[in-house]
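Using mature numbering (1 follows the signal peptide of the UniProt record, and there is no 0), the letters of the sequence shown map in sequence onto residues -24 to -1, 1 to 115.
Okay, structure first, notes after.
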Amino acid sequence: MRNSLFLVSTIALVALMHIRIVDAAAVLSFWSIFCKNDAKHPAIRYACFESQEGKANYQREDLHDAVVVYNPSNSNQFLVLLEQEQASATLTTPQHTLNVYGRLEKPGNCVPFELIPRNYQAAGSSSSYCPSYSAPQII
């Protein structure tokens, strides 16, 4: 069962990375597969986030071998999928810039990210999202 779930999620991830068009039902299952109930997919580079400031936005040129998938039932929750080690994504909320990087940190295959205040009066912070963590809060 676990192997088939991994195989299905890997195939879906590859399709999403190359097609980049998904219907709402598929997106919902992506959020559930990757970001709920202590999901662990160590072979895939991804990070889940939740913004308390509103939806995180991006420009197409701010995604480098990366895809952003929003939870259709709550657009403040989102998943960043990174295709390879050099991949990156930059998203903005009303008060922060979020940079997510594809290089995996050991132990735990964690994905590093930076959260930088947009008012530049406070220092930014660096952290990592590990597959067994709950989604970091952007507040």
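Yeah, the Cβ is synthetic: ideal placement off N, Cα and C, and Gly gets one too.
Query, Result
"Own chain partners of glutamine 28 with C-beta closer than 8 angstroms, once the 5 adjacent residues on each side are dropped", "Asn52, Gln113, Ile114 and Ile115"
"Cβ-Cβ distance between glutamate 90 and serine 102 below 8 angstroms", "yes"
"Top-ranked residue by Cα proximity to tyrosine 77, from Asn50, Leu67 and Arg36", "Leu67"
"Sheet register partners of serine 108 (DSSP bridge)", "Serine 108 is not bridged to any residue."
"Inter-residue spacing [alpha-carbon to alpha-carbon] between proline 107 and valine 44", "16 angstroms"
"Cα-Cα separation between glycine 30 and serine 49, rounded to whole angstroms", "14 angstroms"
"Buried versus exposed call for tyrosine 22 [16 or more other C-beta atoms within 10 Å across all chains shown]", "buried"
"Chain D contact for serine 101 (CB, 8 angstroms cutoff)", "No chain D is part of this structure, which consists of one protein chain only."
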